[in-house]
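Accompanying notes for the structure given below.
Number of protein chains: 2
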Amino acid sequence: MNADALRGHMDALLLSVLEREPLHGYAIIEALRARSGGALDVPTGTVYPALRRLERAGLLAGEWASDGGRKRRTYRLTDAGREALAGERSAWRSFTTAIGSVLDPLR
Amino acid sequence: MNADALRGHMDALLLSVLEREPLHGYAIIEALRARSGGALDVPTGTVYPALRRLERAGLLAGEWASDGGRKRRTYRLTDAGREALAGERSAWRSFTTAIGSVLDPLR
DNA sequence: GCCTACATATAGACAGCCTACATATAGACT
DNA sequence: AGTCTATATGTAGGCTGTCTATATGTAGGC
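Sequences listed follow chains A and B, in order. Each residue of the first sequence is one higher than the one before, starting from 1 at the first, in this note's numbering. Each residue of the second sequence is one higher than the one before, starting from 108 at the first, in this note's numbering.
Next comes the structure, spelled out in structure tokens:
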């Protein structure tokens, strides 16, 4: 997976994976890998700053928790995050339609 | 259309639009707009540098021509460009499948 | 003369994803 | 005890490609 291709779609991925249940960063990375069948292997240096950014934007709410000795920062979708996710989904459809109509010779 | 979303897909778009016939930059922009039903309106400051980049990479070959007093630089796909286009198409399918599998709740 | 469409090009800003590094706990194996 | 792997979070700095803004010039309509 080319790095640049992800540009601008990271937010949608993070919001989407948090739709059903709150997760912490590491679990999010695993969920992305699992859901994509291994195609998406996003480095920590991408995810953690992105989560912070989304939290600052009010789309996520983060909270520290402890499981044994390990500290985890668990993120959940805010209401604004849920709205943003709907927008991202819509944007994704427009995006694939637009690029697809150029790339796909039969259309 | 969000600017960042295009990242890493510009090459595929440009190669694809040049697949059938050589075109000059301005015509490429119009072709992208037409094929996408107006969704893709790529600024000149994006296209011209990108064409140069693809030419340096050996995927396109550019040639100056004149139509009346107007100078045009017409680009055509090289063999390497045709191969690259096939790779871009394949990458695009992988990409949409991967992202789609995360974004689409029914899958 | 002025405006729009056609046509190309560059400089500099900006954003976000990456690599690499730093830190720390838990558990398995030797 | 020491090592290794998996778990878990985080930052600094680099890279690169898209954008905005600007510049230049021709052709044709009004």
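Where a beta carbon is used, it is the ideal one built from N, C-alpha and C, also for glycine.
According to DSSP, is residue i helix, strand or coil?
i                 : result
Ala12 of chain A  : helix
Leu130 of chain B : strand
Leu161 of chain B : helix
Asp211 of chain B : coil
Ser90 of chain A  : helix
Arg7 of chain A   : coil
Thr74 of chain A  : strand
Leu139 of chain B : helix
Gly62 of chain A  : strand
Asp41 of chain A  : coil
According to the Cβ coordinates, are residue i and residue j closer than 8 Å?
i                 : j                 : result
Leu77 of chain A  : Gly62 of chain A  : no
Gly37 of chain A  : Ser201 of chain B : no
Ile135 of chain B : Leu122 of chain B : no
Asp111 of chain B : Gly8 of chain A   : yes
Asn2 of chain A   : Ala198 of chain B : yes
Ala146 of chain B : Ala98 of chain A  : yes
Leu103 of chain A : Arg160 of chain B : no
Tyr48 of chain A  : Leu60 of chain A  : no
Please classify residue i as buried or exposed, where buried requires at least 16 other C-beta atoms within 10 Å of its C-beta.
i                 : result
Asp118 of chain B : buried
Arg142 of chain B : buried
Gly58 of chain A  : exposed
Gly152 of chain B : exposed
Ala31 of chain A  : buried
Gly132 of chain B : buried
Ala65 of chain A  : exposed
| query | Touch check for the segment 78–95 of chain A and the segment 117–137 of chain B: three-plus C-beta pairs under 8 Å? | reply | With fewer than three CB-CB distances shorter than 8 Å, the segment 78–95 of chain A does not count as touching the segment 117–137 of chain B.
- Query: Got a sec: which bits of the segment 128–153 of chain B sit with their beta carbon under 8 Å from any beta carbon on chain A, in order along the chain?
  - Reply: Residues passing the 8 Å Cβ filter: Leu139, Arg142, Ser143, Gly144, Ala146 and Leu147.
Legend entry - Selection of the segment 180–203 of chain B by Cβ proximity to chain A, strictly under 8 Å: Flagged, chain order: Glu195, Arg196, Ala198, Trp199, Ser201, Phe202 and Thr203.
Exercise for review: Using a Cβ-Cβ cut-off of less than 7 Å, give me the residues of the segment 110–128 of chain B that come near chain A, in sequence order.
Suggested key: Under the 7 Å Cβ criterion, the segment 110–128 of chain B contributes Asp111, Ala112, Arg114, Gly115, His116, Ala119, Leu120, Ser123 and Val124.
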